[in-house]
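Student:
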Amino acid sequence: MFSKSKRKTASKIDTLIGSHTEIRGDVIFTGGLHVDGKVIGNVIAESGSGSVISLSEQGVIEGEVHVPNVVLNGVVIGDVFSDTHLELAEKARIKGNVYYSYIEMARGSEVNGSLVHQDGGSGSAMPERTVSDSAKTVELDGESAAANP
């Protein structure tokens, strides 16, 4: 009722990666993404899109996270880029550098890397990434093959 926190993030979850799901490859999304499972690859949303990712306590991301609004309570092995808002809950564990414009860290959260503050207006916290920047592979019966863009 008297909360001082007025976030401009997507409160709706458009995509859910369940606890028994493992995704190998980049995840590119807009809107809201919630991860209970494991992603081996980068997680990317367009800068300025208002997109949000939430990573639960049992969730794991092995790759970079490029999302404007980030709420973490699980493990990220890779760099995190957030140009709007980054929240680390008490079970959050990051093994990589964190680039942010605004950060909240709960007691118990861990960052094993550098914290790098970026001016939110410069857009430098999230380097431009496009689908073509990401390596695309498809795994079929244990064999990897490059996907044609």
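Residue numbers 242 to 390, in the numbering used here, belong to the letters of the sequence shown in order.
Cβ atoms here follow ideal geometry from the backbone N, Cα and C, with glycine treated the same way.
Looking at chain C, is there any beta carbon in it that lies within less than 7 Å of the beta carbon of ILE302?
Tutor: The structure shown contains no chain C, having only a single protein chain.
Student: Have a look at the DSSP bridge pairing and note the partners of ILE335.
Tutor: Residue pairing of ILE335 in beta bridges, as defined by DSSP: VAL317, VAL352.
Student: Would you kindly report the start and end of the unbroken beta strand (DSSP E) that includes SER297?
Tutor: Taken as a continuous stretch (DSSP letters only), SER297 belongs to no beta strand (DSSP E), as it is neither H nor E.
Student: What are the start and end residues of the beta strand (DSSP E) that includes THR271?
Tutor: Where THR271 is concerned, there is no enclosing beta strand (DSSP E), because DSSP gives it neither an H nor an E.
Student: Do VAL316 and ILE294 count as a contact pair if the criterion is CB distance below 7 Å?
Tutor: no
Student: Looking at the secondary structure, which residues open and close the beta strand (DSSP E) in which LYS279 lies?
Tutor: 279–281
Student: Drop a sphere of 10 angstroms on the beta-carbon of GLU298, count the other beta-carbons inside from all chains shown, and report buried for 16 or more, exposed for fewer.
Tutor: exposed
Student: How many whole angstroms separate the CB atoms of THR262 and GLY282, which I take to be in contact at a CB cut-off of 8 Å?
Tutor: With 8 Å as the limit, THR262 and GLY282 do not qualify as a contact, their Cβ atoms being about 13 Å apart.
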